[in-house]
Structure formats: structure tokens, C-alpha cells
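**Student:** Residue numbers (my numbering): 21 to 198. Backbone N, C-alpha and C define an ideal beta-carbon position, used for all residues, glycine too. The structure presented is a predicted model; accordingly, all values stated were derived computationally and were not measured.
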């Protein structure tokens, strides 16, 4: 029993925004992947400017910077996948059939992505903090706060996944009795 919603303004806006965010994230992902080898192969030019008073070698700093960039690319890739799942859910709502097991699975995956990003932020922040101790620049700051918001988002997504799973089961039961 589906009731398509083809001209819903909110769904159109969601599709446009999600696509826009995917483009922006995709550009950032590619930029990080292109810039990482540049940091590694041009480390003297990059690190000489940053490390006037550093105790670590320029290669250690370059590898650390590249590591932060790659971990950032991993998180951006996860965000892109998160948005892809969200877009698929928006499409299913537009088709009039949101309470399906696929959406429950999507919500569960989105919850795990949120947790994954929070976990990846830990080594990323630690490496960035190491870099910050080596770079003598007052404008270079690192925020190592644990995000309760990210964990809360994951919790909400897991609960919504259960709601959608239950809704899909109820719909199947209803269709079976008609």
C-alpha cells in the first residue's frame, strides 16, 4: 500500500540539499586524496615553514599531516555514504513506502557510521595535537572534545531503525490479513 508523494516541497528540498552536500563532500574528499601525496613528497617545502622550533623531524611531521588528511578523507567518505543512505530514504518516502526493512537497515548503518566517525576522530585528534605541539603558531588550535551529539545521533538512528523495522513488520501483518 503505497501513496507516492511526487511534488512534496520538503522532499525536493531534501534531495537538492543532500545532493549539494554530496558534491561539496566529494570535492573535499578528492582534494584531500590529491593533497596527501603532495605533503609527503614536498615535505621540505611544507615543513620548513612550520617547524622553526620543532623537536620532531620534518618527515615525522609530514607523515603526521598526511595521516590526519587520510583520516579526514575516511571520515568524509563515511559522511558521503551516510548522505547516500539518507537520500535513498528520502526517495522511499517520495515513493510513499518509507516503512520498509531496507530503511531500517539504512538507519542502522547510519547509526554505525555516526559511531565510526566519533571513533576515528580520536586518533585524528591525537595526531593533530602532536602536530600542534610541534608548530609554533598561535592561530593553530585543536579541539579534542568528545562529541555527545554524535553519540546521541547514533542512538536516535538505532532507535528509529527499530521503529522502522517494527513498522515494516506491522505493515506486512496488515497486508497479510487483507
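Please classify residue 89 as buried or exposed, where buried requires at least 16 neighbouring CB atoms within 10 angstroms.
**Tutor:** Residue numbering aside, residue 89 sits at position 69 when the chain shown is read from its first letter. Per the 10 Å Cβ criterion, buried.
**Student:** Around the Cβ of residue 190, are there at least 16 other Cβ atoms within 10 angstroms (buried) or fewer (exposed)?
**Tutor:** The residue you call residue 190 lines up with position 170 of the chain shown. Result: exposed.
**Student:** CB residue 92 to CB residue 52, shorter than 8 angstroms?
**Tutor:** Indexing the chain shown from 1 puts residue 92 at position 72. Indexing the chain shown from 1 puts residue 52 at position 32. Taking a C-beta distance under 8 angstroms as the contact criterion, residue 92 and residue 52 qualify as a contact pair.
**Student:** Taking the continuous alpha helix (DSSP H) assigned at residue 164, which residues delimit it?
**Tutor:** Counting from 1 along the chain shown, the entry for residue 164 is found at position 144. Segment: none, residue 164 is in no alpha helix (DSSP H) and carries neither H nor E.
**Student:** Under a three-way DSSP split, which group does residue 153 fall into?
**Tutor:** If you number the chain shown from 1, residue 153 lands on position 133. Here residue 153 sits in helix by DSSP.
**Student:** At the level of alpha carbons, what is the spacing between residue 132 and residue 104?
**Tutor:** Counted from its first residue, the chain shown places residue 132 at position 112. Counted from its first residue, the chain shown places residue 104 at position 84. Each residue's Cα considered, the two are about 14 angstroms apart.
**Student:** Classify residue 99 as helix, strand or coil using the three-state DSSP reduction.
**Tutor:** Within the chain shown, numbered from 1, the residue matching residue 99 stands at position 79. The answer is helix: DSSP assigns residue 99 an H, G or I state.
**Student:** Short of 7 angstroms in beta carbon distance, which residues of its chain neighbour residue 188, apart from the five on each side in sequence? Order them along the chain.
**Tutor:** Taking the first residue of the chain shown as position 1, residue 188 is located at position 168. Taking C-beta separations shorter than 7 angstroms and ignoring five residues to either side along the sequence, the partners of residue 188 in its chain run 119, 120, 121 and 124, following chain order.
**Student:** Am I right that residue 137 and residue 95 are in contact with their C-beta atoms under 8 angstroms? What's the rounded C-beta distance?
**Tutor:** The sequence position of residue 137 within the chain shown is 117, counting from 1. The sequence position of residue 95 within the chain shown is 75, counting from 1. Going by Cβ atoms, the distance from residue 137 to residue 95 rounds to 5 angstroms, so yes, they are a contact pair.
**Student:** If you follow the alpha helix (DSSP H) that residue 76 is in, where does it begin and where does it stop?
**Tutor:** Position 56 of the chain shown, counted from the first residue, corresponds to residue 76. Run containing residue 76: none; DSSP gives neither H nor E here.
**Student:** Tell me which same chain residues have a C-beta within less than 7 angstroms of the C-beta of residue 178, skipping the five on either side of it?
**Tutor:** For this step, residue 178 is matched to residue 158 along the chain shown. The residues are 128 and 131.
**Student:** Distance, Cα to Cα, residue 100 vs residue 154?
**Tutor:** As a first step, residue 100 is located in the chain shown; it is residue number 80 there, counting from the start. As a first step, residue 154 is located in the chain shown; it is residue number 134 there, counting from the start. Distance between the alpha carbons of residue 100 and residue 154: 32 angstroms.
**Student:** Determine, using beta carbons only, whether residue 134 and residue 170 come nearer to each other than 8 angstroms.
**Tutor:** Sequence index remark: in the chain shown, residue 134 carries index 114 (1-based). Sequence index remark: in the chain shown, residue 170 carries index 150 (1-based). Yes, the pair counts as a contact, with Cβ atoms nearer than the cut-off.
**Student:** What are the boundary residues of the alpha helix (DSSP H) that includes residue 118?
**Tutor:** The count along the chain shown starts at 1 and reaches residue 118 at position 98. No alpha helix (DSSP H) holds residue 118; DSSP gives it neither H nor E.
**Student:** Grouping DSSP H, G and I as helix and E and B as strand, with all else coil, what is residue 62?
**Tutor:** In the chain shown, the residue the question calls residue 62 occupies position 42. Of the three classes helix, strand and coil, the one that applies to residue 62 here is coil, per DSSP.
**Student:** In three-state DSSP terms, what is residue 28?
**Tutor:** Here residue 28 corresponds to residue number 8 of the chain shown, with the count starting at 1. Reduced to three states, the DSSP call for residue 28 is coil.
**Student:** Would you mind working out which of 180, 35 and 27 sits nearest residue 126, comparing C-alpha positions?
**Tutor:** The residue labelled residue 126 in the question sits at position 106 within the chain shown. It is 180.
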